[in-house]
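Heads up, the sequence shown is in full-length UniProt numbering, so the first residue is 1 and it goes up one at a time. All residues carry an ideal CB built from backbone N, CA and C; glycine is no exception. Because the structure is a prediction, the values reported are computed rather than measured. The structure appears below as structure tokens.
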Amino acid sequence: MPRIAVIDFETTGLSPALGDRATEIAIVLVEEGRVVDRYQSLMNAGVRISAFIEAYTGISNAMVAAAPPAAQVMAEASRFVGRTPMAAHNASFDRRFWAAELERLGLPAAQPFACTLLLSRRLYPQAASYKLGALAALHALPAAGRAHRALADAEVAAALLERIQSDLRQRFGAPQPRHELLMALQACPRHAVPRAIERHLAAQPGA
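What follows is the structure in structure tokens.
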């Protein structure tokens with residue numbers, strides 16, 4: 001299957017529309033169920049980190065003061081991803097920061113985002129919570145480091161994505177659960193998942 005770039009941001013708050021900025025980014029490239037490359041960096045956007053966010057993420061003002069400028073990091077991240085389709089857990093959050101940080105540089109941010117949270121809601125109704133840590137525990141995914149640090153969370157989200165793709169193959173008979181199928185499934189109601197997969201497979205060349 002083609003590569004998917006699984007991304008995670010740590011930030012100063014919840015929304016770039018409110019002036020919040022990214023403090024750390026990690027991107028994990030996944031291909032054929034394997035991690036084939038990684039990018040991770042703290043970044044200095046010139047915005048102060050609150051005591052609450054520092055306690056939540058472990059990222060301090062001193063750490064970002066010593067980090068490369070946000071413009072440099074985001075330009076590197078954009079080159080690293082290229083045109084690869086993307087995924088994230090609670091993707092609406094990461095997509096907003098991806099777009100906002102790249103917009104500052106005049107760089108495109110048009111890749112579609114698959115969301116492992118939305119997909120998990122469709123596929124795992126038994127889950128008590130759809131937070132990344134809870135889903136990792138549900139599926140016994142390996143820990144990758146401290147939660148709420150970008151690389152650790154991106155690694156866990158990548159492992160969750162592989163579990164989702166594996167279940168789509170084994171439970172629903174989707175031999176190649178590509179990014180476009182993930183996008184279709186996250187947009188449909190839970191009860192419509194089997195029919196959406198049937199339609200997707202029927203539309204494939206040679207089906």
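{"Item": "On the criterion of 16 or more Cβ atoms from any shown chain inside 10 Å, does A87 qualify as buried, or is it exposed?", "Value": "buried"}
{"Item": "Just to confirm, are S50 and A67 a CB contact at a threshold of 8 Å?", "Value": "no"}
{"Item": "Going by DSSP in three states, M86 sits in which element: helix, strand or coil?", "Value": "strand"}
{"Item": "Do L160 and L141 have their C-beta atoms closer together than 8 Å?", "Value": "yes"}
{"Item": "Under three-state DSSP, which class holds I27?", "Value": "strand"}
{"Item": "Please confirm whether H179 and L132 have their CB atoms less than 8 Å apart.", "Value": "no"}
{"Item": "Which term fits D94, buried or exposed, when burial requires 16 or more other beta carbons within 10 angstroms of its beta carbon?", "Value": "buried"}
{"Item": "Contact between the segment 44-64 and the segment 78-87: three or more CB pairs below 8 Å?", "Value": "no"}
{"Item": "So what does N44 bridge to, in DSSP terms?", "Value": "P69"}
{"Item": "With three or more beta-carbon pairs closer than 8 Å as the criterion, would you say the segment 113-131 touches the segment 184-201?", "Value": "yes"}
{"Item": "Take T57 and list the residues in its own chain whose beta-carbon comes closer than 6 Å to its own, dropping the five residues that flank it on each side.", "Value": "E10 and H148"}
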